[in-house]
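Worksheet: the structure to be examined is printed underneath.
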Amino acid sequence: MAVTAPRLNGDNLKTLPGDVALPAYDRSAVKTGVVHLGIGAFHRAHQAVVFDDALAAGDLRWGVLGASLRSPGVRDQLEPQDGLYGLVVRDGLDESVRMIGAIKGVLVGPEDPAALVEAMASPDVHIVTLTVTEKGYRLDPASGALRLDDPEVAADLADIANPVTAPGFLTAALKLRRERGLKPFTVISCDNLPHNGKRTRAAVLDMARRIDPALGDWIAAEGAFPQTMVDRIVPATTRDDVAALEGRIGVRVLGMVKAEPFTQWVIEDSFAGERPDFARFGAQLTRTVEPWEDAKLRLLNGAHSTVAYLGALAGHDHVHEAVAQPAFAALVQQLWDEAETTLNPPPGLDIAAYRRDLMARFRNAALQHRTRQIAMDGSQKLPQRLLATIAARLEAGLSIDALALGVAGWMRWQEGTTEAGETVPVEDPLASETAARIASADTDEGKAAALLAVEAVFPTALASDPRFAGPVTKAFVSLRRHGALETARRVVETKA
């Protein structure tokens with residue numbers, strides 16, 4: 002009979018092997034200074050680590066209360082472990098393990114929304130961070146406006162005391178703080194949205210002003226929504242990952258996360274109140290985030306999505322397997338050539354070095370980063386990862402062949418089958434609409450036209466521009482007739 006390893010908790014931390022890094026502070030003395038909405042793997046491998054560093058340096062104001070706005074999964078993983086979890090950093094054959102103690106607890110919004118609002122209204126809370134994915138902001142992907150037709154947004158407007166959405170929770174908590182005479186907290190979006198701070202601010206102000214114009218004016222005058230750029234590759238944790246860590250350290254750690262060594266957090270230096278010494282703990286404070294944000298979205302994220310769709314269609318489960326194919330690697334370089342012309346790099350960002358580092362990160366086989374994970378929610382990602390770059394290229398009168406193939410890869414993925422005929426789930430808020438549009442067309446060209454008519458993704462002016470529709474349609478037809486690898490090869494050879 003197999004022996005079950007004990008779960009990680011505060012009592013058995015010191016029994017772990019000596020090469021495991023442990024929280025270097027008294028966890029019982031930590032205050033909750035941060036509430037994080039959307040406590041998924043990325044937060045636990047990125048922002049929570051920075052707050053853990055602040056605690057280790059002796060500033061005990063920055064414990065994190067996590068919140069899930071959907072399911073109790075993370076709460077159920079971390080609660081028996083006293084909020085502790087493991088971070089495994091992998092680079093080739095090298096691996097390090099660190100136990101993170103910054104999480105003070107996890108609330109589940111749907112179970113008791115008022116409790117989460119109350120927690121955010123605590124005078125100890127100075128910062129609220131978010132990783133709720135692009136779709137969690139309830140913004141129209143094309144315009145960036147709050148989706149007033151969203152039934153949960155409508156529910157929040159009708160009963161803001163029991164919110165459902167991320168903008169609703171922010172608005173409800175800020176409303177309660179105002180009523181209590183407290184300053185607003187700083188809201189830091191850590192999702193891959195262009196101008197994420199401005200968009201989050203606009204969504205909250207729209208909701209607040211519809212509830213109480215004076216509330217909106219107060220948030221506008223006193224609140225802060227700094228722009229940010231976050232970067233770290235954090236693949237989904239598998240059962241094998243959990244088992245491997247258990248075998249190494251002798252305790253079972255649920256909620257563990259794995260990541261690459263590289264991590265970056267650029268934050269606009271604009272806060273409503275207290276904050277940690279972010280620069281001391283590796284974050285970059287700057288007057289303007291947009292150049293950093295554009296470089297990351299257009300180089301890393303644009304290439305990631307392109308490799309994900311094409312690689313998954315061709316049967317590659319992981320990113321490193323896809324870029325091992327010369328045609329896909331060459332396509333990424335061509336996409337970067339196209340995207341680089343649209344950038345205005347900030348001082349300190351060497352684009353050539355950044356590109357070399359990105360390819361090395363893509364080739365990191367130890368991460369096991371699944372293409373299908375990256376392919377999720379593509380309708381929400383396409384505008385900022387590829388379409389913005391395409392618009393800038395077209396405005397300059399430049400070609401978009403590699404970028405167009407990335408868009409066509411998303412369109413081909415909406416069919417829900419790989420080139421080998423395997424049925425795959427299309428995990429996307431617009432999946433039912435894209436499936437219906439594909440089914441309505443009889444030809445490859447017709448399917449492309451039907452998908453280009455999805456106004457929630459493609460602005461009408463762009464979709465009707467033959468300089469865009471032509472290359473995208475050509476690439477989509479080629480994907481259906483010749484496959485992803487051959488189509489990539491043809492695009493690269495045409496450029497050469």
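First residue of the sequence shown? That's 2 in this note's numbering, and the numbers climb one at a time after it. We treat Cβ as the ideally placed atom computed from N, Cα and C, and that holds for glycine.
Grab me the residues of residue i's own chain with a C-beta within less than 8 Å of its C-beta, minus the 5 sequence neighbours each way, in chain order.
i                 : result
valine 118        : Ala162, Pro164, Phe170, Ala173, Ala174, Leu177
asparagine 345    : Pro292, Asp295
alanine 405       : Ile391, Phe469, Pro472, Val473, Lys475, Ala476
phenylalanine 263 : Asp232, Arg233, Ile234, Asp358, Arg362
valine 492        : Leu332, Gln335, Asp402, Ala403, Leu406, Ala476
glycine 502       : Not covered by the structure: residue 502. The range shown for the chain is 2 to 497.
methionine 377    : Glu428, Asp429
isoleucine 439    : Gln415, Glu416, Lys448, Ala451, Leu452
Is the beta carbon of residue i less than 8 Å from the beta carbon of residue j?
i              : j              : result
alanine 451    : alanine 442    : yes
valine 36      : valine 129     : yes
aspartate 402  : lysine 259     : no
glutamine 381  : proline 430    : yes
threonine 419  : valine 425     : yes
tryptophan 266 : threonine 229  : yes
valine 62      : alanine 367    : This sequence places arginine at residue 62; valine is not what is there. No, the pair does not count as a contact, with Cβ atoms beyond the cut-off.
cysteine 191   : threonine 132  : yes
arginine 253   : proline 73     : no
leucine 158    : isoleucine 212 : yes
glycine 303    : alanine 340    : yes
alanine 57     : arginine 281   : no
aspartate 113  : asparagine 10  : no
valine 458     : leucine 383    : yes
Excluding the 5 residues flanking residue i on each side, which residues of the same chain have their C-beta closer than 6 Å to its C-beta?
i                 : result
methionine 2      : For methionine 2, the pLDDT reaches just 43, beneath the cut-off of 50, and the residue's location in the model is therefore unreliable, leaving the point undetermined.
valine 478        : Asp445
phenylalanine 272 : Thr187, Ala225
proline 460       : Ala143
glycine 67        : His37, Ile40, Ile104, Val107
aspartate 20      : none
leucine 14        : Leu23
glycine 1         : Coverage of the chain is limited to positions 2 through 497, which leaves residue 1 absent and any answer about it impossible.
isoleucine 375    : His305, Ala309
aspartate 53      : Ile101, Ala103
proline 195       : Gln385
glutamate 247     : Ala6, Arg253
leucine 149       : none
glycine 217       : Leu206, Ala209, Arg210
Does any residue of chain D bring its CB to less than 8 Å from the CB of residue i?
i           : result
proline 262 : The chain labelled as chain D is not found in the depicted structure, where only one protein chain is given.
Counting only the same chain and skipping the five closest in sequence on each side, list residues whose C-beta sits under 7 Å from that of residue i.
i             : result
glutamate 434 : Val455
arginine 481  : Arg413, Asp445
alanine 115   : Ala162, Asn163
aspartate 125 : Lys32, Thr33, Gly34
glycine 110   : Ala68, Ser69, Leu70, Leu117, Phe170
Measuring alpha carbon to alpha carbon, tell me which of the options ends up nearest residue i.
i                 : options                        : result
arginine 299      : Pro262, Asp157, Gln335         : Gln335
tryptophan 337    : Lys475, Gly312, Thr307         : Thr307
threonine 343     : Gly349, Arg386, Asp358, Ala313 : Arg386
leucine 70        : Glu153, Arg91, Pro124, Ala6    : Glu153
histidine 127     : Gly417, Thr33, Ala421, Asp318  : Thr33
leucine 88        : Ala46, Asp241, Thr287          : Ala46
alanine 409       : Leu399, Ala432, Lys448         : Lys448
tryptophan 219    : Ile352, Leu453, Leu183         : Leu183
arginine 490      : Thr5, Arg179, Gln326           : Gln326
alanine 209       : Ala155, Arg240, Glu261, Leu246 : Ala155
valine 75         : Asp95, His44, Glu96            : His44
lysine 136        : Gly198, Glu487, Gly379, Ala437 : Gly379
glutamate 423     : Pro467, Ala313, Ala323         : Ala313
valine 324        : Met360, Lys297, Leu350         : Met360
phenylalanine 329 : Asp151, Lys297, Tyr355, Glu494 : Glu494
arginine 373      : Leu388, Ser400, Leu311, Ala389 : Leu311
aspartate 466     : Ala432, Ala421, Leu388         : Leu388
alanine 353       : Leu301, Pro81, Thr166          : Leu301
Compute the beta-carbon to beta-carbon distance between residue i and residue j, rounded to the nearest angstrom, for a pair I have assumed lies under 8 Å.
i            : j              : result
alanine 244  : alanine 485    : Wrong, their Cβ atoms sit about 33 Å apart, outside the cutoff.
leucine 17   : isoleucine 250 : 5 Å
valine 65    : alanine 49     : 6 Å
leucine 255  : glutamine 78   : 4 Å
arginine 276 : aspartate 318  : Arginine 276 to aspartate 318, Cβ: 40 Å. No contact.
valine 51    : glycine 274    : Not a contact, Cβ separation roughly 18 Å.
proline 185  : tyrosine 138   : About 18 Å separates the two Cβ atoms, so there is no contact after all.
proline 236  : isoleucine 268 : About 25 Å; that fails the 8 Å criterion.
alanine 122  : arginine 181   : 7 Å
tyrosine 86  : methionine 257 : 6 Å
Between residue i and the ligand MG, is there a pair consisting of the residue's CB and a ligand heavy atom that are separated by less than 7 Å?
i         : result
serine 72 : Among the ligands in the structure shown, none appear at all, so the ligand MG cannot be discussed.
Checklist entry - Do three or more CB pairs link the stretch 377 to 395 to the stretch 91 to 110 at distances below 8 Å? => result Flag = no, the stretch 377 to 395 and the stretch 91 to 110 do not touch.
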